[in-house]
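**Q** Structure below; questions to follow.
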Amino acid sequence: MNHPFDDAFFLQPTVEVARALLGALLVRTLPEGRLVGRIVETEAYLHDDPACHGVRELPDGGTIHKQTARNTAMFGAPGHAYVYFTYGNHFMFNVVTGPVGLPEAVLIRALEPLEGLEIMARNRRLDDPRQFTNGPGKLAQAFIINKTLDGHDLTQPPLQLFQGEPVTEVVTTTRIGISRAMECPYRFYEKGNAWVSRK
DNA sequence: AGAGCGATGGCCT
DNA sequence: GGCCATCGCTCTA
16 MNHPFDDAFF
26 LQPTVEVARA
36 LLGALLVRTL
46 PEGRLVGRIV
56 ETEAYLHDDP
66 ACHGVRELPD
76 GGTIHKQTAR
86 NTAMFGAPGH
96 AYVYFTYGNH
106 FMFNVVTGPV
116 GLPEAVLIRA
126 LEPLEGLEIM
136 ARNRRLDDPR
146 QFTNGPGKLA
156 QAFIINKTLD
166 GHDLTQPPLQ
176 LFQGEPVTEV
186 VTTTRIGISR
196 AMECPYRFYE
206 KGNAWVSRK
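If you count the first sequence from 1, you need to add 15 to reach our numbering.
So this is what it looks like as structure tokens:
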């Protein structure tokens with residue numbers, strides 16, 4: 016738990032970063048203790064991708080970048096957090112990738128809980144570890160990730176990302192819950208892992 | 001100023 | 001596996 020990623024890592028093509036973040040460790044420092052989760056499911060969102068928040072689709076089918084109050088962090092520095100709110104209830108945690116000005120990010124969809132399970136149970140208000148972090152809204156609730164962490168530098172507490180053991184068996188699929196660019200194979204998860212949100 | 005919507009979750013069959 | 005409650009927030013008018 017002592018090797019942060021450098022900028023060069025996040026400047027690789029975002030699809031490769033999404034794949035390579037499997038196995039990485041997310042560490043949340045809270046007053047009541049430390050939470051650690053291992054990333055087991057991710058999705059890539061790209062600068063020419065109609066499903067990406069930083070992108071607007073034009074009538075002729077083309078795309079343009081569109082920076083707004085919500086998605087500003089996505090246009091910012093790589094290795095920082097992009098956190099947004101949706102469905103009136105849920106926060107989504109992304110890792111910003113690519114150079115400043117290019118709206119790309121990796122959505123963290125699931126974690127395998129490693130440390131701080133009692134605190135996660137409290138935050139989630141349930142006892143089944145399988146339900147702590149097996150979805151993007153769930154892991155944000157378990158780790159208390161909200162708008163205050165939007166734009167946060169992930170090399171610094173209270174939310175940090177560290178290298179882990181590489182994942183060898185990776186499954187690639189289409190993304191979940193989107194209505195555009197549904198055919199793109201931009202979702203990655205660790206084969207057989209019990210915390211993957213959906214097969 | 002407000003209509004529309006969503007990178008979900010949870011519960012039900 | 002499918003459906004739908006939910007509701008704050010964002011963007012556009």
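The beta carbon of each residue, even a glycine, is placed where N, CA and C say it ideally should be.
Given the structure is predicted, the values throughout are model-derived calculations rather than measurements.
So, for residue 33: in the same chain, excluding its five sequence neighbours on each side, which residues have a beta-carbon less than 6 Å away from its beta-carbon?
**A** Result list for residue 33: 57, 59, 121, 203, in chain order.
**Q** Identify whether residue 192 lies in helix, strand or coil by the three-state DSSP scheme.
**A** The answer is coil: DSSP assigns residue 192 none of H, G, I, E or B.
**Q** Taking the C-alpha atoms as reference points, what is the distance between residue 129 and residue 51?
**A** Distance between the alpha carbons of residue 129 and residue 51: 5 Å.
**Q** Report the residue from 173, 31, 214 whose alpha carbon sits nearest the alpha carbon of residue 49.
**A** It is 173.
**Q** With 16 other CB atoms within 10 Å as the buried threshold, where does residue 135 fall?
**A** So residue 135 counts as buried.
**Q** Judging by CA-CA distance, which residue of 159, 125, 123 is the nearest neighbour of residue 140?
**A** Of the listed residues, the one whose Cα sits closest to residue 140 is 159.
**Q** Using three-state DSSP, classify residue 154 as helix, strand or coil.
**A** DSSP places residue 154 in helix when its eight states are reduced to three.
**Q** Counting pairs of Cβ atoms below 8 Å between the segment 149-159 and the segment 75-87, do you hit three or more?
**A** With a cut-off of 8 Å, the segment 75-87 and the segment 149-159 do not count as touching, because too few Cβ pairs lie within range.
**Q** Rounded to whole angstroms, how far is the Cβ of residue 177 from the Cβ of residue 39, which I believe are closer than 8 Å?
**A** With a Cβ gap of about 7 Å, residue 177 and residue 39 count as contacting.
**Q** Please check the pair residue 166 and residue 95, which I expect to be a contact at CB under 8 Å, by giving their CB distance rounded to whole angstroms.
**A** Yes, they are in contact, since the Cβ atoms of residue 166 and residue 95 sit about 6 Å apart, within 8 Å.
**Q** Using 10 angstroms around the beta-carbon of residue 112, count the other beta-carbons present and answer buried if the total reaches 16, otherwise exposed.
**A** The residue in question, residue 112, is buried, as its Cβ has 16 or more Cβ neighbours within 10 Å.
**Q** Quick check: the Cα distance between residue 214 and residue 191, rounded to an integer number of angstroms?
**A** Answer to the nearest angstrom: the Cα atoms are 10 Å apart.
**Q** Let me confirm a value: residue 102 is counted as buried when at least 16 other C-beta atoms fall within 10 Å, else exposed. Which label applies?
**A** Exposed, because fewer than 16 other Cβ atoms sit within 10 Å of the Cβ of residue 102.
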